[in-house]
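Q: Just so you know, the protein sequences line up as chains S and D, in that order. Sequence positions in the first sequence follow UniProt numbering and run 1 to 340. Sequence positions in the second sequence follow UniProt numbering and run 1 to 340. The beta carbon of each residue, even a glycine, is placed where N, CA and C say it ideally should be. Got a structure for you, written out below as structure tokens; questions coming shortly.
2 protein chains.
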Amino acid sequence: MTEITNIALDAMGGDNAPSEMVKGAVDAVRKEPAMKVFLVGQKEVIEKELAKYQFQKEQIEVIPASEVIETAEPPVNAIRRKKDSSIVVGMKMVKAGKADAFVSAGSSGAILVGGQTLVGRIKGVERPPLASLVPTKKGVSLLLDCGANVDARSSHLVQFAKMGSIYMEHVLGVKNPKVGIVNIGAEEEKGNALVKETFPLLKELSEINFTGSVEAREIPHGQVDVVVCEAFSGNIILKLYEGVGAVLISKVKEGLMSSLRSKLGALLIKPALKQTLKAFDASEYGGAPLLGLNGLVVKTHGSAKAKEVSNTLLQCVTFKKQKINEKIRECIQTDAVSAE
Amino acid sequence: MTEITNIALDAMGGDNAPSEMVKGAVDAVRKEPAMKVFLVGQKEVIEKELAKYQFQKEQIEVIPASEVIETAEPPVNAIRRKKDSSIVVGMKMVKAGKADAFVSAGSSGAILVGGQTLVGRIKGVERPPLASLVPTKKGVSLLLDCGANVDARSSHLVQFAKMGSIYMEHVLGVKNPKVGIVNIGAEEEKGNALVKETFPLLKELSEINFTGSVEAREIPHGQVDVVVCEAFSGNIILKLYEGVGAVLISKVKEGLMSSLRSKLGALLIKPALKQTLKAFDASEYGGAPLLGLNGLVVKTHGSAKAKEVSNTLLQCVTFKKQKINEKIRECIQTDAVSAE
Numbered sequence: 001m002t003e004i005t006n007i008a009l010d011a012m013g014g015d016n017a018p019s020e021m022v023k024g025a026v027d028a029v030r031k032e033p034a035m036k037v038f039l040v041g042q043k044e045v046i047e048k049e050l051a052k053y054q055f056q057k058e059q060i061e062v063i064p065a066s067e068v069i070e071t072a073e074p075p076v077n078a079i080r081r082k083k084d085s086s087i088v089v090g091m092k093m094v095k096a097g098k099a100d101a102f103v104s105a106g107s108s109g110a111i112l113v114g115g116q117t118l119v120g121r122i123k124g125v126e127r128p129p130l131a132s133l134v135p136t137k138k139g140v141s142l143l144l145d146c147g148a149n150v151d152a153r154s155s156h157l158v159q160f161a162k163m164g165s166i167y168m169e170h171v172l173g174v175k176n177p178k179v180g181i182v183n184i185g186a187e188e189e190k191g192n193a194l195v196k197e198t199f200p201l202l203k204e205l206s207e208i209n210f211t212g213s214v215e216a217r218e219i220p221h222g223q224v225d226v227v228v229c230e231a232f233s234g235n236i237i238l239k240l241y242e243g244v245g246a247v248l249i250s251k252v253k254e255g256l257m258s259s260l261r262s263k264l265g266a267l268l269i270k271p272a273l274k275q276t277l278k279a280f281d282a283s284e285y286g287g288a289p290l291l292g293l294n295g296l297v298v299k300t301h302g303s304a305k306a307k308e309v310s311n312t313l314l315q316c317v318t319f320k321k322q323k324i325n326e327k328i329r330e331c332i333q334t335d336a337v338s339a340e
Numbered sequence: 001m002t003e004i005t006n007i008a009l010d011a012m013g014g015d016n017a018p019s020e021m022v023k024g025a026v027d028a029v030r031k032e033p034a035m036k037v038f039l040v041g042q043k044e045v046i047e048k049e050l051a052k053y054q055f056q057k058e059q060i061e062v063i064p065a066s067e068v069i070e071t072a073e074p075p076v077n078a079i080r081r082k083k084d085s086s087i088v089v090g091m092k093m094v095k096a097g098k099a100d101a102f103v104s105a106g107s108s109g110a111i112l113v114g115g116q117t118l119v120g121r122i123k124g125v126e127r128p129p130l131a132s133l134v135p136t137k138k139g140v141s142l143l144l145d146c147g148a149n150v151d152a153r154s155s156h157l158v159q160f161a162k163m164g165s166i167y168m169e170h171v172l173g174v175k176n177p178k179v180g181i182v183n184i185g186a187e188e189e190k191g192n193a194l195v196k197e198t199f200p201l202l203k204e205l206s207e208i209n210f211t212g213s214v215e216a217r218e219i220p221h222g223q224v225d226v227v228v229c230e231a232f233s234g235n236i237i238l239k240l241y242e243g244v245g246a247v248l249i250s251k252v253k254e255g256l257m258s259s260l261r262s263k264l265g266a267l268l269i270k271p272a273l274k275q276t277l278k279a280f281d282a283s284e285y286g287g288a289p290l291l292g293l294n295g296l297v298v299k300t301h302g303s304a305k306a307k308e309v310s311n312t313l314l315q316c317v318t319f320k321k322q323k324i325n326e327k328i329r330e331c332i333q334t335d336a337v338s339a340e
């Protein structure tokens, strides 16, 4: 018998909640029979949305949560005070083992704080990194930490490298993934204090395929599969990716409208261009998991639509099937033992 | 009488030396009669290149320097040992007042080290930042520090903000330029330790138009004119700009070749697309000045061709005319006095 993956989905988080969250859940359960989605949030609004769709009733259940955590709220306070919010209720389901995963497009801060305090870390994991897939010339790379822990230490980065490597190998199916540390030059002696301290530690690890420094310029070329950095740099990389891409594309579109000739050309290239841009759209690749927790917590874009929500839910199934958390636990605990 | 700007140009630095350096010098002096370029490097090869062009003989002079510093050489050693290298000879001309500026496409490390040790800092300047113009939706912004000082302190960032503001106002002609600090969220309480410490110091400054945090996503949209950060982040931003741009454009081109229909379209849009991409090409905007030195030192791309070299030389004229260094000196020293 196939094991069911149970996922709590924050129906209230993100710019397009609840409609796109509900639609994403319906799309996902239609594709994957071995999945159950718990839509967490305000019962009436969710049920009104759900009424629009046909689906296997036993695959979707509404879990009431009356409060909503807003993006602007200070996260620690929000998690502490709004006990009946969709984020707190959903995360507690993971903690209690009622759900394997929690997915939300809501406040990043609240998800990070809640993940650590409500779901809790795998024993031995010092800091759970937020990992995000970024598009490259060759496919995708995993960037971590892209926002969870600023001012990280070298021991954190070493764990990020291990967890990222496990994720790329077992969720994305990249064999012996190449791991690089973000640096401002290719040479070992380059870098800031943190990178200089971390580099030799990564070099020593036998369980990952560490290939050295990766300059930011080489990330979009797909030089490595796992891009390790602390959260300040990682967040810059993730956001700049979006920004440069958006501006360049809007510039190209503007250019195409500049003359009659180019307008005609634009009509002809539209399908090909659309295909290209789709490959470079981060939302194609689902959300960003917070790795190293006792259960899976995934943050999707605040602007996530049904497609991203659905892709993220399907990723949770792979994550469970591949026993990623068990693999992380083993890898981190082996270390703890050998360090004693 | 118009004052002449004297510029020492490293004829031996960069991937396209000496031919493109020499061509760039010739192009620049043809455009600007009030400029003299000293081509520093191996006399015979430079003269052979020069022989290809017509120009006012008194505007270009060859200064012999027999050695060349390679990009891979450890910079401190290279500057110390290769006394007769084009970089050392050219920088000493600035130090001695024989040249107002030194321009090189050679080893970044050697230029940074040489700038500090041979040309020297303006009194009161703690760390000279490398400033680079990056293309945006609206035009260009100045990014600094983009590579000179890793692990910088808040007092350094405050000086970067001031120097960048002077540069944008007086070299680029942006009135009351908006200054932002790179951060991983728009709110004041966000950020790593360095940003949290620097933010209130920038807020206090009356002489700059500080507008708060700037997320990496907003940099390409041109949210601020001066983008302040420490060198590790700045280098990531600069390099990722190049990388995402290059990969996205190659993907678009690949897409255009995917069908007969799109190939026809590609022919029609070619001129418009070329125009667009030109606006997003960093080499259009000349080199990156190292600010806060007793004289101007400018690093161009290692891959710089004549156009970038020529643009950079012309920028040096504006830099001198606008008395940028005097303005920096005043601004930094006013501070030193008021701090006493």
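Relative to chain D, which residues along the stretch 118-130 of chain S have a C-beta separation below 9 Å, given in chain order?
A: Listed by position along the chain: nothing, the set is empty.
Q: What three-state label does DSSP hand residue 235/S in the structure shown?
A: Note: residue 235/S maps to helix in three-state DSSP.
Q: For residue 299/D, write down the residues that DSSP places opposite it in a beta bridge.
A: BP columns for residue 299/D point to 104/D, 288/D.
Q: If we require 3 or more residues per run, which beta strand (DSSP E) segments fall completely within the stretch 81-155 of chain S?
A: Whole beta strand (DSSP E) segments, 3+ residues: 101-104, 131-135, 140-144.
Q: Where residue 224/S and residue 187/D are concerned, what is the direct C-alpha to C-alpha distance, given to the nearest angstrom?
A: The alpha-carbon atoms of residue 224/S and residue 187/D are separated by roughly 33 Å.
Q: The beta strand (DSSP E) spanning residue 213/D covers which residue range?
A: Where residue 213/D is concerned, the enclosing beta strand (DSSP E) stretches over 209-215.
Q: Should residue 340/S be flagged as near chain D, meaning a C-beta pair shorter than 7 Å?
A: For residue 340/S, the predicted model reports a pLDDT of 44, less than 50, meaning its position is unreliable; a value from the coordinates is still stated below. With 7 Å as the cut-off, residue 340/S does not count as an interface residue toward chain D.
Q: Give me the chain D residues within the contact set of residue 285/S, using Cβ-Cβ distance strictly less than 9 Å, ordered along the chain.
A: The contacting residues do not exist; residue 285/S stays about 15 Å from chain D at best.
Q: Give every residue of the same chain whose Cβ lies closer than 6 Å to the Cβ of residue 356/D, excluding the five residues on either side of it in the sequence, and list them in chain order.
A: This structure does not reach residue 356/D, given that chain D is present from 1 up to 340, and the question cannot be answered.
Q: Given this structure, state the Cα-to-Cα distance separating residue 213/D from residue 256/D, to the nearest angstrom.
A: Their Cα atoms are separated by approximately 38 Å.
Q: Would you call the CB atoms of residue 343/S and residue 234/S closer than 7 Å?
A: Because chain S spans 1 through 340 in this model, residue 343/S falls outside it and cannot be assessed.
Q: Mind listing the chain S neighbours of residue 259/D? Cutoff is C-beta to C-beta under 7 Å, in chain order.
A: In chain order: 272.
Q: Any beta carbon from chain D within less than 7 Å of residue 77/S's own beta carbon?
A: It does not; no Cβ of chain D falls within 7 Å.
Q: Taking the beta strand (DSSP E) that residue 341/D belongs to, which residues open and close that run?
A: No information on residue 341/D is available, as it lies outside the stretch 1 to 340 that chain D covers here.
Q: Can you grab the Cα-Cα spacing for the pair residue 53/S / residue 89/S, in whole Å?
A: Cα to Cα, the separation comes out at about 25 Å.
Q: Which of the three DSSP states, helix, strand or coil, is assigned to residue 10/D?
A: DSSP places residue 10/D in strand when its eight states are reduced to three.
Q: Return yes when the Cβ of residue 194/S is within less than 7 Å of the Cβ of residue 161/S, no when it is not.
A: Not a contact, by the Cβ cut-off of 7 Å.
Q: Using the three-state DSSP reduction, which class does residue 192/D fall into: helix, strand or coil?
A: Three-state DSSP puts residue 192/D in coil, outside helix and strand.
Q: Helix, strand or coil for residue 203/S, going by three-state DSSP, please let me know.
A: Helix, per DSSP.
Q: For chain D, check one thing: does any of its Cβ atoms lie closer than 7 Å to the Cβ of residue 247/S?
A: With 7 Å as the cut-off, residue 247/S counts as an interface residue toward chain D.
Q: Determine, for residue 202/D, whether the minimum Cβ-Cβ distance to residues of chain S falls below 7 Å.
A: No, residue 202/D lies away from the interface with chain S (no Cβ there is under 7 Å from its Cβ).
Q: Roughly how many angstroms lie between the CA atoms of residue 141/D and residue 177/D, to the nearest whole one?
A: Roughly 10 Å between the two C-alpha positions.
Q: Shortest alpha-carbon distance to residue 99/D belongs to which of 217/D, 38/D, 170/D, 174/D?
A: When each option's Cα is compared against that of residue 99/D, the closest is 38/D.
Q: Opposite residue 407/S in the DSSP bridges: which residues?
A: Coverage of chain S is limited to positions 1 through 340, which leaves residue 407/S absent and any answer about it impossible.
Q: Distance, Cα to Cα, residue 156/S vs residue 307/D?
A: For residue 156/S and residue 307/D, the distance between alpha carbons rounds to 45 Å.
Q: Could you list the residues in the stretch 212-226 of chain D with a C-beta less than 7 Å from some C-beta on chain S, going in chain order?
A: Within the stretch 212-226 of chain D, the residues whose Cβ lies closer than 7 Å to some Cβ of chain S are 215, 216, 217, 218, 219, 220, 221, listed in chain order.
Q: For the stretch 280-295 of chain S and the stretch 123-141 of chain S, state whether three or more C-beta atom pairs, one from each stretch, are separated by less than 8 Å.
A: Counting Cβ pairs under 8 Å, three or more are found: they touch.
Q: Residue 276/D touches chain S at which residues, Cβ-Cβ below 8 Å?
A: By Cβ distance, chain S contributes 251, 252, 254, 255.
Q: Does residue 56/S pass the burial test, meaning 16 or more other C-beta atoms within 10 Å, or should it be called exposed?
A: Exposed.
Q: Are the CB atoms of residue 49/S and residue 22/S within a distance shorter than 7 Å?
A: Cβ distance < 7 Å, so residue 22/S and residue 49/S count as in contact.
Q: Pull up the CB-CB distance for residue 137/S and residue 247/D, whole angstroms please, since I reckon it's below 8 Å.
A: Indeed they touch by this definition, with Cβ atoms about 5 Å apart.
Q: Taking buried to mean at least 16 other C-beta atoms within 10 Å of its own C-beta, is residue 86/S buried or exposed?
A: Its Cβ being crowded by 16 or more others within 10 Å, residue 86/S is buried.
Q: Relative to the C-alpha of residue 346/S, which candidate in 270/S, 9/S, 329/S, 221/S has its C-alpha closest?
A: No information on residue 346/S is available, as it lies outside the stretch 1 to 340 that chain S covers here.
Q: Distance check for residue 167/D and residue 175/D, CA to CA, integer angstroms please.
A: Each residue's Cα considered, the two are about 11 Å apart.
Q: By the 10 Å Cβ neighbour count, where 16 or more other Cβ atoms means buried, how is residue 310/D classified, buried or exposed?
A: Classification for residue 310/D: buried.
Q: State yes or no: is the beta carbon of residue 242/S nearer than 7 Å to at least one beta carbon in chain D?
A: Yes, contact with chain D.
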